[in-house]
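For the sequence shown, counting from 1, position 159 maps to 302 in this note's numbering; every step adds exactly one.
All C-beta atoms in this analysis are idealised placements derived from N, C-alpha and C, irrespective of residue type, glycine included.
To keep things clear, I will list the structure first and then write my remarks on it.
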Amino acid sequence: HGLPLSYPSGNPRDVNILSPNTEPLLFWAKTLSNGRPGLSVADHCVNVGCVAEVLLAGLPQSVRKLLPEGAATLAALHDIGKITVGFQQKCPLWLATAPIPFCAPGERSLSESDHAYVSQAFLQRLPEATAGRLWAVAVGAHHGRHKGRTAVLNGGNGHHEVLPDWADNHRRELVNKLQSIFGPLPVTPPQSNL
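Here it is in structure tokens:
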């Protein structure tokens, strides 16, 4: 049980970031060419966070100061919204073997599948992200389309998530692990960095 985030040295930066670990996938982020789950959400997020750190380190200081402390953490969290039944059910092989609580197939089919929207909505609800919650808009727009200033799940706006508490618990676990690797989320709003 739990998210697969174990590394031989204890440091994810010591692992070839292009190779998924060999633990069973609880939540997939990338599938293999045969349609099987291939890379876990946790491993994908660590990969992206490591790449973000390298890119941030290479920016000129004048550009780097425009970004908040915690920018690598935000980048790492971009796909946390894939931890939702609406997205995960896109892989029939995952759905057939996933250890998820029961929910009716009809309810699953109505669950939000836009993982970028779910990522933004989840991050905007985090108590520790209150001051920097607008940074979550950038996370929601990571595929090039913004989701609006505020994303809301299960709030009467047509964005429904099935098993929200179950998904939130798993997402929260991943937030904690990613923050332990990359540091805390931004605590200042975007405009204070300009």
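Next on the checklist: Taking its Cβ as the centre, do 16 or more other Cβ atoms sit within 10 Å of C246, making it buried, or is it exposed?
Outcome noted: exposed
Next on the checklist: Would S252 and F230 qualify as a contact pair, given that the criterion is a beta-carbon distance under 8 Å?
Outcome noted: no
Checklist entry - Taking the Cβ atom as the reference point for each residue, do A215 and L199 lie within a distance shorter than 8 Å? => result yes
Next on the checklist: Using C-beta distances below 7 Å, list every residue in its chain close to R179, excluding the 5 sequence neighbours before and after it, in chain order.
Outcome noted: L236
Checklist entry - Between the beta-carbon of L296 and the beta-carbon of I243, is there less than 8 Å? => result no
Checklist entry - From L328, S176 and I226, pick the residue whose C-alpha is nearest to that of H258; which is it? => result I226
Checklist entry - Does the beta-carbon distance from V282 to L217 come in below 8 Å? => result yes
Checklist entry - Measuring CB to CB, does P329 end up less than 8 Å from E250? => result no
Item to check | Through-space distance from R292 to P333, alpha-carbon basis | outcome: 12 Å
Item to check | Coil, strand or helix - G301 by DSSP | outcome: coil
Item to check | One or two residues paired with K173 in a DSSP bridge | outcome: L182
Checklist entry - Enumerated in chain order, which unbroken segments of the alpha helix (DSSP H) with a length of 4 residues or greater are wholly contained in the stretch 230 to 291? => result 235 to 240, 248 to 252, 258 to 268 and 278 to 283
Item to check | Residue span of the alpha helix (DSSP H) that contains H313, given as start and end | outcome: P307 to F325
Item to check | Whole-angstrom C-beta distance between H302 and Y260, which should lie under 8 Å | outcome: 6 Å
Checklist entry - Do you know how far the Cα of K208 is from the Cα of S183? => result 32 Å
Checklist entry - Three-state secondary structure (DSSP) at G224? => result helix
Checklist entry - Measuring CB to CB, does L266 end up less than 8 Å from A284? => result no
Next on the checklist: So the candidates are A195, D222, D186 and F170; which of them puts its Cα closest to the Cα of L210?
Outcome noted: A195
Item to check | Pairwise C-alpha distance: V228 and L321 | outcome: 21 Å
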